[in-house]
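Asks: Following this note's numbering, the numbering of the sequence shown begins with 16 at its first residue and continues without gaps. Built from N, CA and C at the ideal position, the CB exists for glycine as well. Just so we're clear, the structure is a prediction, and the values are computed from it rather than from any experiment.
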Amino acid sequence: MKSIKNMGYLPAGESLVADELLELHAARLLLLFRCCGTKSRKSGSRGINGLTKMAKLDFFVRYPQFFAEVCKRLGRRIDRLVNTTESAMVRFHYGPWDKRYYHVLAYLEGRKLLVATRIGSGYYLGLTEAGEDLSNRLLESSDFDELQEQMIQVRKVLGGKSGSFLKNLIYETFEEQVAKRQLGEVIH
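Take a look at the structure:
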């Protein structure tokens, strides 16, 4: 993964894949915490309780066809299927997982946009004041309208569910596409 700040060092003939830009993933996760997160009573920040829940919500944001299928299974109607660009995600111990999450989360923490608070055996991932400000500015940009729309739909249907529930739902609904794949295998 590359930072946009370092693009000047790439040879002129080397192609740049947007999916490999750190800031693209960081912006998406900031919006995920903002749109799909809930306000913490303790800190007042908006965030998501648990890495598993964060990854599963992100999975349904990035894979709208999978989200539509889960909505059918749950008997929930969605307003419209959003055409978001799907990016690589792999079969992981706990369902779909992007190997870049740890890198992006560290980047967000290092920039003081996100704070990870240990709660029991898990983490609460919450936006800082600077993270809230930046995510609000991103939401004002029309560039993120479709992504925001998808996140709002995901939050309405799945936002109140636990990470374990979402993980099990993915395995049960997408046995062929996810559960039967080898660990580390890319999901298409």
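1. Quick check: what's the CA-CA separation for R106 versus M69?
2. Is the Cβ-Cβ distance between S179 and T67 less than 8 Å?
3. Can you tell me the Cα-Cα spacing of G110 and S58, whole angstroms?
4. How do the segment 137-146 and the segment 154-161 stand: do at least 3 beta-carbon pairs fall below 8 Å, yes or no?
5. Which residue comes first and which comes last in the alpha helix (DSSP H) that contains Y116?
6. Out of curiosity, what's the CA-to-CA distance linking N151 and I93?
7. Tell me I134's beta-bridge partners as DSSP assigns them.
8. How about C86 and M166: are their beta carbons less than 8 Å apart?
9. At a cut of 8 Å, does the segment 71-86 reach the segment 124-132 through at least three beta carbon pairs?
10. Work out the CA separation of G65 and G126 for me, nearest whole Å.
11. Would you mind giving the Cβ-Cβ distance between L149 and L45, rounded to the nearest angstrom? I have them listed as a contact below 8 Å.
12. T53 by DSSP, collapsed to three states: which one?
13. Tell me the residue span of the alpha helix (DSSP H) that contains I185.
14. With H, G and I counted as helix, E and B as strand and the rest as coil, what does DSSP make of L142?
15. Just the Cα atoms here: how many angstroms apart are L96 and R170?
Replies: If we stick to the structure as given:
1. Note on R106: pLDDT 42, under 50, position unreliable in the model; no value is reported.
2. Yes.
3. Its pLDDT being 49, under 50, G110 is placed unreliably in this model, and the value from its coordinates should be taken loosely. Here the alpha carbon of G110 sits roughly 30 Å from the alpha carbon of S58.
4. Between the segment 137-146 and the segment 154-161 there are fewer than three C-beta pairs closer than 8 Å, too few to call the two in contact.
5. First-last of the alpha helix (DSSP H) with Y116: Y116 to G125.
6. Taken atom to atom, the span from the alpha-carbon of N151 to that of I93 is near 24 Å.
7. Bridge partners of I134 according to DSSP: G137.
8. No, the Cβ-Cβ distance between C86 and M166 is not below 8 Å.
9. Put simply, the segment 71-86 does not touch the segment 124-132. Fewer than three CB pairs are less than 8 Å apart.
10. In the sequence as displayed, the identity of residue 126 is Arg instead of Gly. Answer to the nearest angstrom: the Cα atoms are 20 Å apart.
11. Rounded, the Cβ-Cβ distance is 6 Å, consistent with contact.
12. In the structure shown, T53 sits in a strand (DSSP, three-state: E or B).
13. G178 to T188 is the extent of the alpha helix (DSSP H) around I185.
14. Strand.
15. One C-alpha to the other measures close to 14 Å.
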